[in-house]
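As you go down the protein sequences, you meet chains Y and R in turn.
The letter at position 278 of the first sequence is residue 278 when you use this note's numbering, and the numbering goes up by one with no holes.
The letter at position 217 of the second sequence is residue 553 when you use this note's numbering, and the numbering goes up by one with no holes.
Yeah, the Cβ is synthetic: ideal placement off N, Cα and C, and Gly gets one too.
2 protein chains.
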Amino acid sequence: MPDPAPLSVEVTRGPMVESRHLVHVVAVDGDGRILRQWGHAEEPVFPRSAIKMIQALPLIETGAADAYGLSPKELALACASHGGEPKHVSTAAAWLERIGLDHTALECGSHWPTNEEATRGMAVRGETPSALHNNCSGKHTSMLSHARHLKEDPRGYIGIDHGVQRRVSAAIGELTGTDMARVPVGIDGCAIPTFALPLKAFAHGLARMASGKGLPTDRARAARRLLAAMGAHPDMVAGTGRFDTTFMGAIKGRITTKGGAEGVWAAALPDHGIGIALKTVDGTGRAGEIALIEALKTLDLLRPDEVDAVAALARPAIRNRNGTVVGEIRPGRPGF
Amino acid sequence: MPDPAPLSVEVTRGPMVESRHLVHVVAVDGDGRILRQWGHAEEPVFPRSAIKMIQALPLIETGAADAYGLSPKELALACASHGGEPKHVSTAAAWLERIGLDHTALECGSHWPTNEEATRGMAVRGETPSALHNNCSGKHTSMLSHARHLKEDPRGYIGIDHGVQRRVSAAIGELTGTDMARVPVGIDGCAIPTFALPLKAFAHGLARMASGKGLPTDRARAARRLLAAMGAHPDMVAGTGRFDTTFMGAIKGRITTKGGAEGVWAAALPDHGIGIALKTVDGTGRAGEIALIEALKTLDLLRPDEVDAVAALARPAIRNRNGTVVGEIRPGRPGF
Chain Y
1 MPDPAPLSVE VTRGPMVESR HLVHVVAVDG DGRILRQWGH AEEPVFPRSA
51 IKMIQALPLI ETGAADAYGL SPKELALACA SHGGEPKHVS TAAAWLERIG
101 LDHTALECGS HWPTNEEATR GMAVRGETPS ALHNNCSGKH TSMLSHARHL
151 KEDPRGYIGI DHGVQRRVSA AIGELTGTDM ARVPVGIDGC AIPTFALPLK
201 AFAHGLARMA SGKGLPTDRA RAARRLLAAM GAHPDMVAGT GRFDTTFMGA
251 IKGRITTKGG AEGVWAAALP DHGIGIALKT VDGTGRAGEI ALIEALKTLD
301 LLRPDEVDAV AALARPAIRN RNGTVVGEIR PGRPGF
Chain R
337 MPDPAPLSVE VTRGPMVESR HLVHVVAVDG DGRILRQWGH AEEPVFPRSA
387 IKMIQALPLI ETGAADAYGL SPKELALACA SHGGEPKHVS TAAAWLERIG
437 LDHTALECGS HWPTNEEATR GMAVRGETPS ALHNNCSGKH TSMLSHARHL
487 KEDPRGYIGI DHGVQRRVSA AIGELTGTDM ARVPVGIDGC AIPTFALPLK
537 AFAHGLARMA SGKGLPTDRA RAARRLLAAM GAHPDMVAGT GRFDTTFMGA
587 IKGRITTKGG AEGVWAAALP DHGIGIALKT VDGTGRAGEI ALIEALKTLD
637 LLRPDEVDAV AALARPAIRN RNGTVVGEIR PGRPGF
């Protein structure tokens, strides 16, 4: 039987559909059963930053999080693609200092904050970006923390054979039921390895994070702790005006979501023990956001008050530079 | 007979194709004959900013360009989606002053420059953006210029019934052979009307700009003058590091190209009398750039030295934040 059609997302302008996107989406329970799929479930995708909540498991499981007394806010930052706003940067800097390092230990490279106001503020103060402003600096600080806690040489922690990446990839492999020695490997934007996973396996890992099913007690507890931290501090996970922050804020963190580059999204639903993973075929984020909410609504996983709370995200208006509404982004008919 | 397949563009990471795009492309000669098409030729698309070279015809045809002594640099800016760099802003400001107006007459709305260095420079100097920094400020100054020259009230010049927009839409209709009263109308990002055209008609308009075929002598001369201005001043058409500027610079302006929002591109080839129009299905610009060069190469419209000069644009590397090459964008196999 052929796969069902991918979810379709339309971008309109006036009376016309101007652009179209296709999105592969899979929802899976803790036992790995597919509850619903749109498009392909078995095709491998690089999960990119959407998998940060799983990548953060070793931070807790090695004992590093407790040894360094990490707060829920810091755990949320470990799973973040942050906007480089002052609160993100200062949280990462203080955490790094606590583990006896500074920004020069981060091997993620630097870039100006994705938050434009933060970038302009830095320019006004005559500052230039360091690796702390990299959207992945929380994840990299997390990785350095377990290296330090285990007394490993932190240098080269981004390498696939370093203890850090071996622990991270082992966690991904175990959660998603994947033989990590056999999957395609790429290099992520922040220089660590990214492992291609079938969308279904990725969703299963997220369902295990949400449900604890099939996980050792300690791992299930670590997973719950990370999801709770992200839900409690959505402003640390992305940033002002960005989807994950706004969405989790609107639904009070009841569902944990995390986007990644090239239109990947992850959702973990502890209340239902469900995981959802999606990939926009063309890599655009705008389509992933709409598809995620559409999938949640179709599967009746949002309460009526939550549907109302996310209405502006589910079908966002497009405005011109004068603020006039000129179109919208919305779920579309199947196919192109 | 079904349409041929759209052009495909692939984005790779390591050993895998991570994202895919489809692009409709049509190449047409001055008589309106399709030389080659990939995907749909008849489906209407909003040409967005890619049609600025046609929208600028009334600037010359009303006599405004000569009355105000406009330079080729200013004519190029009339056809630009500029980055808001100091040279763009100062050129627009000086031109506006010459027609007795200032930035408050521009009805395009304001935004921070798309050029990030320009934005940071403004922040350092404590400046905030005006409509001069809007990427369309050259086009709007051009529109105000014919309104002033014809002694029309410039206020409300963005309205579909104002003399300015009536002249602009008449030029588009005549060049593209389109009954403008019957096409879908949307509002562009800069608040003026945008008229949906079949891709083939848009390409025909570009071929007429390039060849002068079927145009009155004065109009053919105006078209040549605009294309020559853009080719001579590619830095005014887009900006530092952006496709149209880099591409036209690399081929010494022999082909005039202009991108627009939602993955639209236009090319006019005076040497061959050919026009090319394309639209990325999903609206991404990165695919439009690759598709344009691939179409030009396939149709043997680039000389060998030009193929070499644009090699880095034809198949650009993707780098991580440390500068390591982690993938590329390239022409792909047909279909998804």
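Report task. Compile a chain-ordered list of the residues in the segment 594-608 of chain R whose CB is closer than 8 angstroms to at least one CB of chain Y. Result -> E598, G599
Report task. Please list the partners that G523 (chain R) has in chain Y, where partner means a Cβ-to-Cβ separation under 8 angstroms. Result -> The residue asked about is misnamed: residue 523 (chain R) is Ile in this sequence, not Gly. Under the 8 angstroms cutoff, chain Y gives R13, G14, N320, T324, V326.
Query raised in the report: Do V617 (chain R) and P342 (chain R) have their C-beta atoms closer together than 8 angstroms?
Result: yes
Report task. Output the residue ranges of the alpha helix (DSSP H) runs that lie fully inside the segment 237-275 of chain Y and measure 4 residues or longer, sorted by chain position. Result -> 243-250
Query raised in the report: Taking Cβ positions, are V353 (chain R) and G375 (chain R) nearer each other than 8 angstroms?
Result: Cβ atoms of V353 (chain R) and G375 (chain R): not closer than 8 angstroms.
Query - Straight-line gap, H498 (chain R) to L511 (chain R) (C-alpha atoms, nearest Å) - result: 20 angstroms
**Report entry** Buried or exposed (CB count within 10 angstroms, at least 16 for buried), R669 (chain R)
**Finding:** exposed
Query raised in the report: In chain order, what residues of the same chain lie with their CB nearer than 6 angstroms to the CB of G156 (chain Y), ignoring the 5 residues before and after it?
Result: H162
Report task. Flag N451 (chain R) as yes if its beta-carbon sits less than 8 angstroms from any beta-carbon of chain Y, otherwise no. Result -> no
Report task. Compare the Cα-Cα distances from M180 (chain Y) to each of Y:C190, Y:L101, Y:H204, Y:R166 and report the closest residue. Result -> For the residues Y:C190, Y:L101, Y:H204, Y:R166, the minimum Cα distance to M180 (chain Y) belongs to Y:R166.
Query raised in the report: Is L562 (chain R) helix, strand or coil when you go by DSSP?
Result: helix
Requested in this report: At 4 residues or longer, and completely inside the segment 149-199 of chain Y: list those alpha helix (DSSP H) runs for me, N to C.
Outcome: 163-176
Query raised in the report: What's the C-alpha gap between G366 (chain R) and V307 (chain Y)?
Result: 53 angstroms
Query raised in the report: What separation, rounded to the nearest whole angstrom, lies between the Cα atoms of A539 (chain R) and R369 (chain R)?
Result: 10 angstroms
Query raised in the report: Nearest CA to the CA of V326 (chain Y): which residue from R:F382, R:M337, R:P338, R:R349?
Result: Closest option to V326 (chain Y), Cα to Cα, is R:F382.
Requested in this report: State yes or no: is the beta carbon of S446 (chain R) nearer than 8 angstroms to at least one beta carbon in chain Y?
Outcome: yes
Query raised in the report: Should P570 (chain R) be labelled buried (16 or more other beta-carbon atoms within 10 Å of its own) or exposed?
Result: buried
Query - Proximity test, Cβ basis, 8 angstroms: T104 (chain Y) and chain R - result: no
Query raised in the report: What residue does the alpha helix (DSSP H) around L7 (chain Y) start on, and which one ends it?
Result: L7 (chain Y) -> not in any alpha helix (DSSP H); beta strand (DSSP E) instead, spanning 7-13.
Query raised in the report: In chain order, what residues of the segment 28-49 of chain Y put their CB closer than 8 angstroms to some CB of chain R?
Result: P44, V45, F46
Query - Beta carbon proximity, R456 (chain R) to chain Y, threshold 8 angstroms - result: Yes, because at least one Cβ of chain Y sits closer than 8 angstroms to the Cβ of R456 (chain R).
Query raised in the report: Do C79 (chain Y) and H140 (chain Y) have their C-beta atoms closer together than 8 angstroms?
Result: no
Query raised in the report: Whose C-alpha, out of Y:G259, Y:L269, Y:D271, Y:P270, is nearest the C-alpha of L278 (chain Y)?
Result: Y:G259
Query - Contacts that S19 (chain Y) makes with chain R (C-beta to C-beta distance below 8 angstroms) - result: Result: E598, G599, T616, V617, D618, G619.
Query raised in the report: By Cβ distance, which residues of its chain are closer than 6 angstroms to A314 (chain Y), with the 5 residues on each side in sequence left out?
Result: I293
Query raised in the report: With a cut-off of 8 angstroms, does the C-beta of V460 (chain R) fall near any C-beta of chain Y?
Result: yes
Requested in this report: Measure the alpha-carbon distance for R13 (chain Y) versus R225 (chain Y) and round it to whole angstroms.
Outcome: Rounded to the nearest whole angstrom, the CA to CA distance from R13 (chain Y) to R225 (chain Y) is 43 angstroms.
Requested in this report: Grab me the residues of C472 (chain R)'s own chain with a C-beta within less than 6 angstroms of its C-beta, minus the 5 sequence neighbours each way, in chain order.
Outcome: C444, C526
Query - K52 (chain Y), buried or exposed, once every other Cβ within 10 Å from all chains shown has been counted against 16 - result: That one is buried.
Query raised in the report: Taking Cβ positions only, does P520 (chain R) come closer than 8 angstroms to chain Y?
Result: yes
Requested in this report: Determine, using beta-carbon pairs with one atom in the segment 109-127 of chain Y and one in the segment 59-67 of chain Y, whether at least three such pairs fall under 8 angstroms.
Outcome: no
Query raised in the report: Are the Cβ atoms of A261 (chain Y) and R48 (chain Y) separated by less than 8 angstroms?
Result: yes
Query raised in the report: Which residues in chain R sit within 7 angstroms of A196 (chain Y), going by Cβ to Cβ distance?
Result: M352
Query raised in the report: How should T427 (chain R) be labelled, buried or exposed, when 16 other C-beta atoms within 10 angstroms of its C-beta is the threshold for buried?
Result: That one is buried.
Report task. Verify whether the separation of the beta carbon atoms of T576 (chain R) and G474 (chain R) is less than 8 angstroms. Result -> no
Query raised in the report: Once you ignore the five residues that flank R93 (chain Y) on each side, which residues in its own chain have a CB closer than 8 angstroms to its CB?
Result: In the sequence as presented, Arg is not what sits at residue 93 (chain Y); that position holds Ala. D102, H103, L132.
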